[in-house]
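For the protein sequence lines, the chains are A, B and C, in the order given. For the first sequence, my numbering gives the first residue as 1, with consecutive numbering after it. For the second sequence, my numbering gives the first residue as 1, with consecutive numbering after it. For the third sequence, my numbering gives the first residue as 1, with consecutive numbering after it. The next block holds one structure in the form of structure tokens; read it before the comments.
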Amino acid sequence: MTRVHLLGVYDEASKAAAAASAIRAARLGEVTAFAPAPNHQIDAALGPGVSPVRVFALLGGILGCVLGFALPIYTALDWPLITGGKPIVSIPPFVIIAFELTVLLASLGAIAGFMVLSGLPLLRSGPPYDPRFSEDRWGVGITCEADQADAVRARLNEAGAEEVRRAKP
Amino acid sequence: MSLLDPGMNASLVERVGRRTFLKLLGAAAPAVAASACSPIPPERIIPYVIPPEDEVPGVATWYATSCGECPAGCGLTVRTLEGRAVKVEGNPEHPVNQGRLCIRGQAALQGLYNPDRIRGARRREVMNAAAGQNRLTPVQWEDALAALTDRLRMARQGGRTNRIAIVTPLLTGSLDRLFDTWAKAVGARRLRYEPFGYEAVRTASRLCFGRDGVPHYDLARAEVLVSFGADFLETWLSTVEHSGGFAQARRLRNGRKSRFVHVEPRLSLTASNADEWLASQPGTEILVALAMAQVILAEGRSQTIPAAEVTTIRNLVAPFSPDRVADRTGIPAQKVTNLARLFSDPQAGPGRSLAIAGGVASSGSNATGTQVAVHLLNYVAGNVGTTAQFGPDASYGRVSTYREMADLVASMRAGEVDTLVTYDVNPAFTLPGALGFDAALGRVPFVASFSNVLDETTARAHLVLPAHSPLESWGDVEPRAGVRGLMQPVMEPLFDSRHVGDMLLDVGRRLGGDVAAALPTGDFYKYLGSEWQALHAQAQSAASFDDFWAEALGHGGVWRTIAAEKVALSAGIAASSFVTAELGGAAGAPVLVPYPSLHFYDGRGANRSWLQEIPDPVTKAAWSSWAEVHPDTAKALGAEDGQLVTVESDHGKLDVPLLVNAHLGRGVVAIPIGQGHREYGRYAAGRGVNPIALIDPAPEALSAAARWLSVRVRVTPRALRPPVPRLQASEQQFDSGVAQAVSLADLNAGRIEAPQPHRSLYADHKHPVHRWGMAIDLDTCTGCNACVAACYAENNVPVAGAEAMYRNRTMAWLRIERFVEPSAAGSDTRFIPMLCQHCDHAPCETVCPVYATYHSDEGLNAQVYNRCVGTRYCGNNCPYRVRRFNWFEPDFPDPLHLQLNPDVTARSVGVMEKCTFCVQRIQAGKRQAKDENRPVKDGDVVPACAQTCPGQAIVFGDLNDPQSRVSQLGREARGYHVLGELNTRPAITYLKKIVSPPGAGVNRT
Amino acid sequence: MSFRRINDDILRGLEAPGLAYFAGVSLALAVLALALYAFWYQVEVGLGVAGYQPPILWAVYITNFVFWVGITHSGTLVSAVLYLCRARWRTGIARASEAMTVFAIMTAGLFPIIHLGRPWFAYWLFPYPNERQLWVNFKSPLIWDVFAISSYMTVSALFLYLGLVPDIAASRDRIKDWRQRLYGLLALGWRGTDRQWRHLNSLYGFLAALVTPLAVSVHSVVSWDFAMALTPGWHSTIFAPYFVAGAIFSGVAMMLTLLILVRRLLHLEKYMPVAHFENLAKLIIPLSLILTYVYLTEFFIARYSGSPFERGTLLDRAIGAYAPFFWMMVFCNSIVPLLFFFKRVRTDLRALFAISIVINIGMWLERFVLIVTSLSHSFDPAEWSGLYHPTWVEAAITAGSFAWFFLLFLLFVKNFPVISMAELKEETTREGIHVA
């Protein structure tokens, strides 16, 4: 069976949201909404879960903290030199290193998480995209079986699409 | 050292032969290696082709010789490595300096390696007859010596005599005799010229005791020392010897120490070290001496001398009771009376005090009078024969008087001199300008100079025959009767120079006839040997001459103690000389006090960059001249500190920046002698002013000495403010407590607060084997700068130069700080050597991001130059400010780089450096102990500063050893740590200076 | 206001610049060239060509370092904090100030290298084992600096960039010249799908939350460069808050300077209403008061500590050779900002602009006075130093740092949307005034 891409273009977020939820309700293929700005109606329509970015941030943070203590302690012991009469391993200064590395790696972790989750950088092309989506138009893209295409197109138009496009994957 | 210049090694090879030539090549290799960081292209490194068997690379050879920097004749031991001298130190066996050395002695190396040394014979060639242009151009030795011979022959035509004049410094020993013989043979007039000739002392001795000589003063035995302007810590007679003796008398022995009172208009370095400083009106010091004698006799405190003499002297000094002279001297009568009583303290017994005179007190029209007065003072106190001894007279007794020089100048002017031969003297600089030596020199058809630097006199010579520097020469010196020091060459001559003795002999032979006949055969070395054969005979030692000679060479000479001779007071002492100094110029105008400089002596030190760079101990100014005046005087003149003023006398004028100094008599203008050279090399030329230009050329009547104190001057402020590098802006220490003191009474009564116990959050770290530390006694530190120079020499410390020092940039690892506390005793000056404290809890270490500085397990604060990136954070965090940063690539102009110590890394631009406690010497000491497989014992390791300290104020050693001297000193009640409250735990313990208020009597409890 | 209109207005900024712009850029380049020559000269001849006068071993370069680190502060901080507080008015100013942060830290980071005695070994400051297996000394505040600064630089740069991604995509979709490929690359293929928006929002929240403590830590660490030293005038526990407050103070002032310029340059009056600037001015008032308080506290501590050295140093600072600089600083930082109590001043852009510059002069002086006077007058009176004179080299390099900063900023504002369009749209939707 062949799969097709359909794209509905809307001039209002609410219409796009309506289309998206209708199609989702009818279980007609995978829905991707395009928006020039984050929009709660669409989020609501597509039922967002909690973004797992936080997990990455946590892992990064833990790694950073461990590294932040391990590196100074290891290097101090690797070649013990007395400076200022202080102990070879003096924790207070190392706390600063640990803190900085914790924050750094937490941030990097979060960013890595974001990349992975939101499929960036985009390597394989998904449903069709329209430059106006970065301006003042909303889009609802559906990837579905060829025989479902008409049903989808109908629903997109119901929601008041300015236009509906069909494209081969 | 440009050994690869074809000209250079050609001449070398033919002169010294292959073996020594290779040895010299060897000398170049480590030199280049040592200065690897300075931009010397690697292709100049020369490996040993055939290693000479008597040289072990890296192992030093020490040669004993004598110092030629001044007539004091201290003994030296010179450390040579791979055939080049790298460090001079005092010869511990030598009776004069006993292992110590002054700043000028330390700088002797810079005379040897002076970049401006004349590198071969020169003859004046006419460049452009019309324009009268001519200049000194290189000439073959053969031609040069021939030229001199011809000249002498011409001068002697028709048996004329005295058409030739020979001027040398005060030479002693064999070379002196050779000069005499030679002068007699060629029929020449011979002068031994010293700018500071001590004629007045000799004359006074003649007048008082019928003996023409300069006595030997034993400061070590003087419980009470009164100095009338005698700067015995700077230049007076034998500086190192007197500093040593002074320190010895001063050192606290079961609650007692000597007392020193100094009478001088200016707070000189010597005055700064006095328990009491009496600021006198210049030239009136004589009255103080007479008044003291008057008191002693009036109060019948003179115990030793016959009644008859007592009356004679009492009559002589009767008119000079303290209250009568007080208004003229500017010193309260009571102080003088107290001083007199102290001086003749019956408890101490006779002969335990000493009065000396020199400098401003004894260089006026009354110079002889002052010395007579002082002789009498010593005589009545019974000091003649104990602390002032005739017998071991100083060689100064044989100096030609200033008048003889003046006469020479006169006859030069009169055209009576055909040929003038000079050797290591610079009358063009050191004679009063008004005497007209320059002009007179123009009237002399032919001038030959044996000097190896282009000083003002040599620069005008027609022929320059550069002699070896003292460190390259054979010879001997006799600083005082009974002491005969040997000089031996410590390395191959650096340049194409010759021994002055050999030149004399050579020229003499060329003259032939009676001259040749009158001269000894062979070269000077042979002549020296023959002289010493005579000594050997005298000594009547069982040893063969060869053993005797070897022995003497090894020890640096031979010496025997000469007993003090009894002298009787001569009858005809006239009171006529008991007057104050006459001063030319408008009455009431400021008096000019020119004084010899600790660093430059009579100016001969000015071409040593160390002496220029190290700040003057009193003014802390460097690389320049200045005129010191009292704030009130400055106000009266309408001038302020740093402002340029024109100083003008009837005899000359000069422009010099003003330096306002509260520790100076009012109405006095003090200018140091030694700067203001027109010639004399890159470091000296065109720097500062020469106050000798201002003084009255007429000699003193009785002693025929130069009258340094002779004029009043007009001082007119100018609009300019020339920069003068001054390293220490503030002479107050406020309440920083850096240099501390305790009164003798408190100390003896145990009223001295214990140092704060150290606390720390952390456990102390371990010093398993050694913990190196230092103890510095502020009571015996005189601030003489010798240690600073020693540190420069030992540790390859680069010279920053005047420009850098305007920005306060100096590289000195060790500096002397000077603080003046308000005090009833005229001044309480404190000198404190400041160097890396090698703290146990060093603030500098923690902050270095790259571990370039850390704490070694022997307690050293180590600096790793090649790891340093130059954040300078350590410098900011050092409370003692002893870290030095290399702002530029250090520069050691050829051949000064040959002096670099190969055991010490030469640093490069952009890195921090500082005192290492002479870690290279620590390593050497440990190695030696290991070779002799024994533990390191106290005294095995002596850093350069401690080694040379004339006052022996610095003691170094292992703090882990409770018996070591440094540990014992560290436990003394006087011990404290600078900025101890910071808890940096320094390895250096300072011992508080001991002050005693005036009128405290002899320091006794 | 319509979404298209937003894109039109903001992206107009990316169109071909005018003569004034090019003049500015070339001026910056010229000054930068001079600075590069000066630095080359310094490396060639030695650090001595700068005016250092021992014991003053840190001077203009470190002053510049602290000054620029200060500037970095408010940028990200304000942007992040306001984001976390959901302050609407942030939108107009956030991006420009984030950019300012990144460029300021790119400037600040140069000075620790410029001031080294051997800058060619600067990489020794980074933690890697050298040929002898020797690492860096983590106990040294300078190493803390290395970590703090580089972390902060990384995070705030990414914070700026990720916020930019949707707008870069918008630029990609509109700009048709050579830059389109660049935008395409930088946009990472952003298409504004629901998934992307969801994760981006979550991430942005996290970064804002993380970069805030980081910013605070950076200037605290910088302050410890001084506070950890024994030097009187430095060795004080108040330094961390003192420096952070000062940093935000100077940073906000610099924001004012830049944003007022941007507003004029790119005709963004509609998006940057005066009210926003007034808010910044209001923010400055308490900060100025905090600084005044700290100045007083320093003297109190010196007095109260009983340490003669602290007293001496602070007294010297107020009446010594450097007193003119000190009082100038007080005037700029404590007196002038009080004008913001008057609404007329707060709302007059010309006044705001002038005062913001005065404040930054004051803040530069603050660092200079703090560093130089303390070093010139520490424990040992024998080593006190007189007035220090910078040389042309230091002047050139300092000017160069400003040129470098402004060059980067100029390039940014003409090539990237200087206000977040996505956020504007979000705002307008929330306000529900959207009409197609």
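Heads up, the beta-carbon is just placed ideally off N, CA and C, and yes, glycines get one too. Note that this is a predicted model, so its numbers are computed, not measured.
Helix or strand or just coil, what does DSSP make of residue i?
i       : result
N254(B) : coil
K653(B) : strand
M154(B) : helix
T829(B) : strand
A29(B)  : For A29(B), the pLDDT reaches just 45, beneath the cut-off of 50, and the residue's location in the model is therefore unreliable, although a value from the coordinates is still provided. Three-state result, A29(B): helix.
V336(C) : helix
D546(B) : helix
R346(C) : helix
K15(A)  : helix
V904(B) : coil
Y880(B) : coil
E492(B) : coil
F147(C) : helix
Would you report the Cα separation of residue i and residue j, rounded to the nearest angstrom?
i       : j       : result
V171(A) : A98(A)  : Because chain A in this structure spans residues 1 to 169, residue 171(A) falls outside the shown range and cannot be described.
S61(B)  : I118(B) : Note on identity: in this sequence residue 61(B) is Thr, with Ser being the wrong assignment. Taking the straight line joining both Cα atoms gives about 27 Å.
V966(B) : V49(C)  : 43 Å
D961(B) : P935(B) : 11 Å
F138(C) : F121(C) : 18 Å
A45(A)  : D194(C) : 10 Å
R344(C) : L352(C) : 10 Å
Y595(B) : F196(B) : 11 Å
With distances taken from CA atoms, which of the options is nearest residue i?
i       : options                            : result
F412(C) : G189(C), D316(C), A157(C)          : A157(C)
A121(B) : V96(B), L148(B), N134(B)           : L148(B)
V288(B) : R751(B), A361(B), F209(B)          : A361(B)
E89(B)  : Q98(B), N960(B), R192(B)           : Q98(B)
R156(B) : K184(B), F179(B), A130(B)          : K184(B)
I692(B) : A719(B), G436(B), R192(B)          : G436(B)
W182(B) : A953(B), D514(B), A249(B), Y873(B) : D514(B)
L14(C)  : T391(C), L110(C), D173(C), V221(C) : D173(C)
Measuring only between beta-carbons, confirm whether residue i sits less than 9 Å from chain A.
i        : result
P1006(B) : With chain B represented from 1 up to 1005, any question about residue 1006(B) goes unanswered, as that position is not in the structure.
T846(B)  : yes
D632(B)  : no
R317(C)  : no
Under a CB-based cut-off of 9 Å, is residue i close to chain C?
i       : result
D147(A) : no
F819(B) : yes
Would you verify that the beta carbon of residue i is, or is not, closer than 9 Å to some beta carbon of chain B?
i       : result
E394(C) : no
Query raised in the report: Should the stretch 256-276 of chain C be regarded as contacting the stretch 298-315 of chain C, the criterion being three or more beta carbon pairs within less than 8 Å?
Result: With the cut-off at 8 Å, the stretch 256-276 of chain C and the stretch 298-315 of chain C do not touch.
Query raised in the report: Between the stretch 445-459 of chain B and the stretch 733-749 of chain B, do at least 3 Cβ pairs fall closer than 8 Å?
Result: At 8 Å Cβ cutoff, the stretches do not touch.
Requested in this report: Answer yes if the stretch 384-395 of chain C comes into contact with the stretch 345-365 of chain C, meaning at least three C-beta pairs across the two stretches below 8 Å, and no otherwise.
Outcome: Contact between the stretch 345-365 of chain C and the stretch 384-395 of chain C is absent, because fewer than three Cβ pairs lie under 8 Å.
Query raised in the report: Counting Cβ pairs, one atom from each stretch, are 3 or more of them under 8 Å apart for the stretch 282-295 of chain C and the stretch 326-334 of chain C?
Result: Taking 8 Å as the limit for Cβ pairs, the verdict is that the stretch 326-334 of chain C does touch the stretch 282-295 of chain C.
Query raised in the report: Is there contact here, the stretch 585-604 of chain B with the stretch 305-314 of chain B, by at least three beta-carbon pairs under 8 Å?
Result: Short answer: they don't touch.
Query raised in the report: Given a limit of 7 Å on CB to CB distance, which residues of the stretch 74-101 of chain A reach chain E?
Result: Among the chains of the structure shown, chain E does not appear; the protein chains present are A, B and C.
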